[in-house]
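Participant: Following numbering that gives the first Met the number 0, the numbering of the sequence shown begins with 0 at its first residue and continues without gaps.
C-beta atoms are modelled at their ideal positions from N, C-alpha and C, and glycine is treated no differently.
Provided herewith is a single structure, encoded as structure tokens, for subsequent inquiry.
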Amino acid sequence: MRLKVLSYIGWVQAAGAMSGSLFFSEIWRLPPCLLCWYQRILMYPLVVIIAVGILRKDKDLPFYALPLSVGGMVIAFYHMLLYWGVLPESVAPCILGISCTTKFFEWYGFVTIPFLSFLAFFVITTCMVLVLRGNRKN
């Protein structure tokens, strides 16, 4: 039962992140940067992959979801470092379009779009790792 709940939490997080990114770009009209596009490419399929894994009761779901969630988490972490100025903008891949360090909003001094993305990928990764560990015990 607990493993099923973790899978649902992962799916809700992925669906929420996808909805949030679409809200930012389509409703608020905030253009996504190149790193944001890479994160979207890794997040959007997770909604379908996790849903199919839940519906099929697939014990291998973490093996399908983890490569995308870990990859997204790495890109989001890199994006946060650029955004907060830890890494110089000269190492940013954002040569076309909007800069990856453009500050659209910042809540409480640290909650930014890259931070929200990292948090979403972290929650999904954590849920999938716990599901994987739980499946190994059973």
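Taking Ile-49 as the reference, give the member of Leu-81, Tyr-77 and Lys-3 with the closest Cα.
Facilitator: Looking up residue 49 in the sequence shown gives position 50. With distances taken between CA atoms, Ile-49 lies nearest to Lys-3 out of Leu-81, Tyr-77 and Lys-3.
Participant: Give a yes or no on whether the C-beta atoms belonging to Gly-71 and Tyr-63 are separated by under 8 Å.
Facilitator: Your numbering for residue 71 matches position 72 in the sequence shown. Your numbering for residue 63 matches position 64 in the sequence shown. In this structure, Tyr-63 does not lie closer than 8 Å to Gly-71 by Cβ.
Participant: Count the other CB atoms, across all protein chains shown, that sit within 10 Å of the CB of Gly-9; report buried if there are 16 or more and exposed otherwise.
Facilitator: The residue labelled residue 9 in the question sits at position 10 within the sequence shown. Its Cβ being crowded by 16 or more others within 10 Å, Gly-9 is buried.
Participant: Identify whether Trp-106 lies in helix, strand or coil by the three-state DSSP scheme.
Facilitator: Residue numbering aside, residue 106 sits at position 107 when the sequence shown is read from its first letter. Looking at Trp-106 - three-state DSSP - the assignment turns out to be strand.
Participant: My assumption, with CB atoms under 8 Å, is that Gln-38 sits in contact with Ile-123. Please give the rounded CB distance.
Facilitator: Here the question's residue 38 lines up with position 39 in the sequence shown. Here the question's residue 123 lines up with position 124 in the sequence shown. At roughly 12 Å, the Cβ-Cβ gap does not stay under 8 Å, so Gln-38 and Ile-123 are not in contact.
Participant: Report back the beta-carbon spacing between Pro-30 and Ile-97 to the nearest angstrom; my notes put them in contact at under 8 Å.
Facilitator: To locate residue 30, count along the sequence shown from 1; it is residue 31. To locate residue 97, count along the sequence shown from 1; it is residue 98. Right, their Cβ atoms sit about 5 Å apart.
Participant: Classify Phe-120 as buried or exposed, calling it buried when 16 or more other Cβ atoms lie within 10 Å of its own Cβ.
Facilitator: Position 121 of the sequence shown holds residue 120. Flag for Phe-120 reads buried.
Participant: Would you report the Cα separation of Tyr-107 and Trp-83, rounded to the nearest angstrom?
Facilitator: By 1-based counting over the sequence shown, the position of residue 107 is 108. By 1-based counting over the sequence shown, the position of residue 83 is 84. Each residue's alpha carbon lies about 14 Å from the other.
Participant: Give me the Cα-Cα distance between Tyr-43 and Leu-60, rounded to the nearest whole angstrom.
Facilitator: Start at 1 with the first residue of the sequence shown, and residue 43 comes out as number 44. Start at 1 with the first residue of the sequence shown, and residue 60 comes out as number 61. Rounded to whole angstroms, Tyr-43 to Leu-60 spans 16 Å at the Cα level.
Participant: Could you tell me the distance, in whole angstroms, from the CA atom of Phe-104 to the CA atom of Gly-133?
Facilitator: As a position in the sequence shown, residue 104 is number 105, starting the count at 1. As a position in the sequence shown, residue 133 is number 134, starting the count at 1. One C-alpha to the other measures close to 39 Å.
Participant: So Leu-115 packs on Thr-100, CB below 8 Å; how close in whole Å?
Facilitator: In the sequence shown, the residue the question calls residue 115 occupies position 116. In the sequence shown, the residue the question calls residue 100 occupies position 101. Wrong, their Cβ atoms sit about 16 Å apart, outside the cutoff.
Participant: Thinking C-alpha only, which one of Val-47, Tyr-7, Gly-15 and Arg-1 is nearest Leu-118?
Facilitator: As a position in the sequence shown, residue 118 is number 119, starting the count at 1. The candidate whose alpha carbon is nearest that of Leu-118 is Gly-15.
Participant: Report the option in Tyr-7, Thr-125 and Ser-20 whose CA atom is closest to the CA atom of Leu-67.
Facilitator: Translated into the one-based positions of the sequence shown, residue 67 becomes position 68. The residue with the shortest Cα to Cα distance from Leu-67 is Thr-125.
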